[in-house]
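Working notes, beginning with the structure itself.
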Amino acid sequence: MPERIIKSLENQRAEFALASVTAANLNDYRGEYKSYVKNIPVLLKTNGLGNTLAFMRSKKRAAYDLLYQQFSEWLKKPECPCKTLLPGKDLLEFVISQPSPVYRHVTKELIALLTWMKRLADSMIED
1 MPERIIKSLE
11 NQRAEFALAS
21 VTAANLNDYR
31 GEYKSYVKNI
41 PVLLKTNGLG
51 NTLAFMRSKK
61 RAAYDLLYQQ
71 FSEWLKKPEC
81 PCKTLLPGKD
91 LLEFVISQPS
101 PVYRHVTKEL
111 IALLTWMKRL
121 ADSMIED
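Numbering follows full-length UniProt numbering, with no gaps: position 96 of the sequence shown is 96.
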């Protein structure tokens, strides 16, 4: 990929992450959100995307719900390289029905997004 395209994608991720963390910072559960943003990449690498998303949904915590919704929103955006998540389809249902290459691609994309979210949460959300 040309460097210009990579920077553009990184800028799009950063902008989306900034909006996401800013929204989370307005809520009472911002501390939990910050903690989850830091821990989810480890869960993704250890347990896989499907298990991590199922875990997030099972917890019924507002911060997890917000992150789940933000992941879905990012994957539906035209600037996201995955662009395969159809509007109206649940993220977990989509992920578990995909072949391995798509599953891995979505995982890598969410880890890249979470890198920005983690940086911004560290700088914007006080402990």
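Even glycine gets a Cβ: it sits at the ideal position worked out from N, Cα and C. From a predicted model like this one, the values you see are computed outputs, not experimental measurements.
Cβ pair residue i, residue j closer than 9 Å
i: A24; j: A63; result: yes
Buried or exposed (CB count within 10 angstroms, at least 16 for buried), residue i
i: V42; result: exposed
i: T52; result: buried
i: S8; result: exposed
i: A19; result: exposed
i: T107; result: buried
i: L26; result: exposed
Euclidean distance between Cα positions of residue i and residue j
i: S72; j: M124; result: 23 Å
i: E10; j: S58; result: 31 Å
i: G48; j: K89; result: 20 Å
i: K60; j: T22; result: 21 Å
i: L110; j: G31; result: 21 Å
i: M117; j: E15; result: 10 Å
Residue span of the alpha helix (DSSP H) that contains residue i, given as start and end
i: Y33; result: R30 to N47
i: K89; result: That residue, K89, is in no alpha helix (DSSP H); it is neither H nor E in DSSP.
i: I111; result: S100 to M124
i: E79; result: Looking at the DSSP string, E79 is not in any alpha helix (DSSP H), and its letter there is neither H nor E.
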